[in-house]
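Scroll down for the structure; my scribbles are underneath it.
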Amino acid sequence: MLKIVEEIIYTVTGKRNITDDTDFIKDLELNSFDIMNIVCAFEERFQITIPTRDVWKIHQVKDAVRYLQEKGISSSSENGSEDR
Amino acid sequence: MKKHPLYPVEYYPTFGKLVEGIERKFGTSPAVTIYTRGSESYTKTYKDLAEDIRALALAMKKQGCAGKHIAIAGENSYEWLVTFFAGEILGSPVILVDVDQDLQTLEKMILDTDTEILFYSPSIEEILNAHPSFRQLSKVCLETGEGARENSFFPLLERGRELLSSGEFLQPEEAEKEDLAVIAFTSGTTDSAKPVMLSRKGLLRNAGDANSMVNLQKRVFTSLPFYHTYGLSCSLLAVLMAGAHICVNGNLRTTMRDLQAFLPETIMTVPLLTEVIFKQLLAAAKREGLEGEVEREPRRTFFAKEKEPVVSPALQKIKEKMFGNLSQMISGGAHLPWEIAHKMEKFGVLVLQGYGITECSPLISVNRAEENRPESVGLVLPGISLRFEDGEIWVRGENVMLGYYKREEETAKVLQNGWFKTGDLGHMDKKGFLYIQGRKKNLIVLKNGKKISPEEIEARVAGLPMIGEVMAYGAAAGSFADDVKIAIAVYPDPQQTEEMSSYEILDALQKEIDRLNDGYPSYKQIQMIHLREKGFSKTATSKIKRETF
Chain A
47 MLKIVEEIIY TVTGKRNITD DTDFIKDLEL NSFDIMNIVC AFEERFQITI
97 PTRDVWKIHQ VKDAVRYLQE KGISSSSENG SEDR
Chain B
18 MKKHPLYPVE YYPTFGKLVE GIERKFGTSP AVTIYTRGSE SYTKTYKDLA
68 EDIRALALAM KKQGCAGKHI AIAGENSYEW LVTFFAGEIL GSPVILVDVD
118 QDLQTLEKMI LDTDTEILFY SPSIEEILNA HPSFRQLSKV CLETGEGARE
168 NSFFPLLERG RELLSSGEFL QPEEAEKEDL AVIAFTSGTT DSAKPVMLSR
218 KGLLRNAGDA NSMVNLQKRV FTSLPFYHTY GLSCSLLAVL MAGAHICVNG
268 NLRTTMRDLQ AFLPETIMTV PLLTEVIFKQ LLAAAKREGL EGEVEREPRR
318 TFFAKEKEPV VSPALQKIKE KMFGNLSQMI SGGAHLPWEI AHKMEKFGVL
368 VLQGYGITEC SPLISVNRAE ENRPESVGLV LPGISLRFED GEIWVRGENV
418 MLGYYKREEE TAKVLQNGWF KTGDLGHMDK KGFLYIQGRK KNLIVLKNGK
468 KISPEEIEAR VAGLPMIGEV MAYGAAAGSF ADDVKIAIAV YPDPQQTEEM
518 SSYEILDALQ KEIDRLNDGY PSYKQIQMIH LREKGFSKTA TSKIKRETF
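Protein chains in written order, with the working numbering: chain A, 47 to 130; chain B, 18 to 566.
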């Protein structure tokens, strides 16, 4: 799962070397535009909707992974990866 | 510098006259384009818009809404703007609610302003349903399309259309006697967000004055929220008054997509988006090996009378490929580094910085295409008088607020014989350009135009364990001097942390802050903690001396 998240972050922001503890704002220095672009990429890739108020709770990569897992997404259940 | 004449503008005394006027003048021209989540778009003409406003107003009148306080809590949408105008022509004060707020603030904004009817976005439906305080209100969901529920926008609009076709009509002029048009909020949450009462005349005058200074051109893109006065007055009222075609975006997720699909000539925005666009243009220039061209200053040769033009044809080509005919960006809400404006000009995009404040409806000054000093916030609008008291900017004019709603004491502190004390420090040069030098009041100004009061952050943090004293501030971050993130300096409570190392304190505090951050959008979250070994110096009244930090 971490790998998929890492790949999405790389595609959107061009940033690599991501770990569980990487913080989107503090470590990757993303602004609100970048964060929303990542959210959109998650939504497209996994065909889910992420409400804005849920986005507020995602600070680090591990929060994103946990959130996706709670939504019932596992690394094998990704959709639409062939488009990328 | 020769003064350039103001652009001719038709001013409207009421919203009813405005709707009538723009329908008559611009009828079948496109007024509003909206892109849906699925990338489809729809466009409404001025005639469509005016008809929808009349229909909704009529249906609302039948439901007894006229004159009552109406709150709109939603992101930008076509439904939002139709509801706003319908409320205005019914003479109902419209309360503008920022949906990015926590429950407590939403409650205050909606209930303390005596709202009776609430139009709300589906994104906050869950919160509204979960809390009993909202039950007493009549509610209409800003949901549209086929299958929309009974108490939502679309069926209400349909009812109005039926009423109109059965021969009923509305006489809006009578309704607009009440001068209070809007209650908007200053930045901050709960107690620090003040409800600002703006008048009909003031808002309409301000939007007209804005048009007398800047030629908006034909296609305008806005991502500014209409629940802030900058978005409402400058990017909605002014654009419609000018008969331009506006693309309304209300979601950061789709801002760039919509922008590149619509290809505007003018963008109304905040420094954050200006910078995002600049960075994209710069990256493209680098890819083409034209980085030097961005840095190069225009030369003046010995024989040439004038400097070579600022715009670089090669860079302009890059801009055209990415953003079409984009030639102008109006930036406000926070300070834009002038270097960005300067470099954007080389790509053929003029960035005009302006200055406004919610209490002034909001625009006070703006640069003009013909008279532009990027390091300033421009020339003062024609309807406004300005003076400086100990460096503080005071403003007088029709645009100045009527007062804070039900807060007479706070109103008296800032309004004096018609003069509004902005709390901003500045000066004016000989040519009339205004420069902002700082703020009398404490505010952290973010690039997206949002302002955060440090006291509000401190109050949020003070209740956490281990906190002895805390002070919030904007810490420098990113590549420009104006980039700030919210930081706190903490002096831990010695008793609670006696046995702990600094590392343990910081770790435990970080966990608490992370939990606290969960309830706020990313720009309002605390990004940095600085531990102090000593308490802060205090004033005689035991307040922390901010300037000593």
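We put the CB at the ideal spot given by N, CA and C, even for glycine. Please read all numbers here as calculations on a predicted model, not as lab measurements.
Would you say residue i faces chain A, with C-beta separation under 8 angstroms as the test?
i: TYR540(B); result: yes
i: GLY536(B); result: yes
i: GLN598(B); result: Beyond the ends of chain B as shown, which are 18 and 566, falls residue 598(B); an answer cannot be given.
i: GLN544(B); result: yes
i: VAL293(B); result: yes
i: ASN465(B); result: yes
i: ASP531(B); result: yes
i: SER241(B); result: In the sequence as presented, Ser is not what sits at residue 241(B); that position holds Leu. It does not: the Cβ of LEU241(B) has no partner Cβ on chain A nearer than 8 angstroms.
i: SER519(B); result: no
i: ARG270(B); result: yes
i: LEU353(B); result: no
i: LEU289(B); result: yes
i: SER138(B); result: no
In this structure, does DSSP put residue i in helix, strand or coil?
i: GLN153(B); result: coil
i: ASP441(B); result: strand
i: TYR24(B); result: coil
i: PHE405(B); result: strand
i: MET339(B); result: helix
i: TRP102(A); result: coil
i: VAL287(B); result: coil
i: LEU114(A); result: helix
i: SER58(B); result: strand
i: PHE79(A); result: helix
i: LEU48(A); result: helix
i: VAL186(B); result: Note that residue 186(B) is Phe in the sequence shown here, rather than Val. PHE186(B): coil per DSSP, three-state reduction.
i: PHE450(B); result: strand
i: THR59(A); result: helix
i: VAL293(B); result: helix
i: LEU369(B); result: strand
i: GLN542(B); result: coil
i: ASP69(A); result: strand
i: TYR29(B); result: coil
i: ARG549(B); result: coil
i: PHE43(B); result: helix
Verify the CB distance criterion: does residue i have a CB-CB separation below 8 angstroms to chain B?
i: MET47(A); result: no
i: PHE79(A); result: yes
i: LYS103(A); result: yes
i: ASP71(A); result: In the sequence as presented, Asp is not what sits at residue 71(A); that position holds Ile. It does: the Cβ of ILE71(A) has a partner Cβ on chain B nearer than 8 angstroms.
i: VAL85(A); result: yes
i: THR98(A); result: yes
Quick check: what's the CA-CA separation for residue i versus residue j?
i: GLY91(B); j: GLU160(B); result: 10 angstroms
i: ASP142(B); j: GLN153(B); result: The sequence given here places Glu at residue 142(B); Asp does not occur at that position. Between GLU142(B) and GLN153(B), the C-alpha separation is close to 15 angstroms.
i: LEU173(B); j: LYS438(B); result: 42 angstroms
i: VAL478(B); j: LEU548(B); result: 14 angstroms
i: ALA525(B); j: GLN115(A); result: 26 angstroms
i: HIS21(B); j: GLU388(B); result: 7 angstroms
i: LYS502(B); j: SER56(B); result: 33 angstroms
i: VAL265(B); j: ARG91(A); result: 26 angstroms
i: VAL327(B); j: TYR452(B); result: 24 angstroms
i: GLN93(A); j: LYS49(A); result: 18 angstroms
i: ILE89(B); j: LEU307(B); result: 47 angstroms
i: GLU128(A); j: GLU89(A); result: At GLU128(A), the pLDDT of 38 sits below 50, so the modelled position is not reliable; the number obtained from the coordinates is stated separately. Using only the alpha carbons, I get a separation of about 15 angstroms.
i: GLU409(B); j: ASP441(B); result: 6 angstroms
i: PRO471(B); j: TYR490(B); result: 6 angstroms
i: GLU337(B); j: LEU221(B); result: 34 angstroms
Taking only runs that begin and end inside the stretch 220–279 of chain B, name each unbroken alpha helix (DSSP H) of 4 or more residues, in chain order. For the stretch 220–279 of chain B, whole alpha helix (DSSP H) runs of length 4 or above, ordered along the chain, are 255–258 and 272–279.
Count Cβ pairs between the stretch 247–265 of chain B and the stretch 288–303 of chain B that sit closer than 8 angstroms; are there 3 or more? With fewer than three CB-CB distances shorter than 8 angstroms, the stretch 247–265 of chain B does not count as touching the stretch 288–303 of chain B.
Check whether the stretch 83–90 of chain B touches the stretch 102–114 of chain B, taking contact to mean three or more Cβ pairs, one atom from each stretch, closer than 8 angstroms. Yes: the two stretches touch, three or more of their Cβ pairs being nearer than 8 angstroms.
Ordered list of beta strand (DSSP E) runs contained in the stretch 467–526 of chain B, each at least 3 residues: Complete beta strand (DSSP E) runs here, min 3: 484–493 and 501–509.
Take every Cβ of the stretch 358–368 of chain B, pair it with every Cβ of the stretch 342–349 of chain B, and state whether three or more of those distances are shorter than 8 angstroms. The stretch 342–349 of chain B and the stretch 358–368 of chain B touch, with three or more beta-carbon pairs separated by less than 8 angstroms.
Please give the ranges of any alpha helix (DSSP H) in the stretch 84–170 of chain B, keeping only runs that are unbroken, at least 4 residues long and fully inside the region. Secondary structure within the stretch 84–170 of chain B: the alpha helix (DSSP H) runs of 4 or more consecutive residues, fully enclosed, are 95–106, 120–128 and 142–147 (chain order).
Could you tell me whether the stretch 483–490 of chain B touches the stretch 437–453 of chain B, using the rule of 3 or more Cβ pairs below 8 angstroms? They do not touch, by the three-pair rule.
Length-filtered (4 minimum) alpha helix (DSSP H) runs lying within the stretch 375–438 of chain B: If we require 4 residues or more, the alpha helix (DSSP H) runs fully inside the stretch 375–438 of chain B come out as 425–431.
Three-pair Cβ contact test at 8 angstroms for the stretch 456–476 of chain B versus the stretch 420–437 of chain B: Result no; under three Cβ-Cβ pairs closer than 8 angstroms.
Segment contact flag, the stretch 450–457 of chain B with the stretch 182–189 of chain B, C-beta cutoff 8 angstroms, min 3 pairs: The stretch 450–457 of chain B is not in contact with the stretch 182–189 of chain B.
Can you confirm whether the stretch 95–115 of chain A touches the stretch 63–77 of chain A when touching is taken to mean that 3 or more C-beta pairs between the two stretches lie within less than 8 angstroms? Touching, yes, given that three or more Cβ pairs across the two stretches are closer than 8 angstroms.
Evaluate the contact criterion for the stretch 275–286 of chain B versus the stretch 226–238 of chain B: three or more CB pairs, one atom per stretch, below 8 angstroms. Short answer: they touch.
Under 8 angstroms, with one C-beta from each stretch per pair, do the stretch 271–280 of chain B and the stretch 115–125 of chain B reach the 3-pair mark? At 8 angstroms Cβ cutoff, the stretches do not touch.
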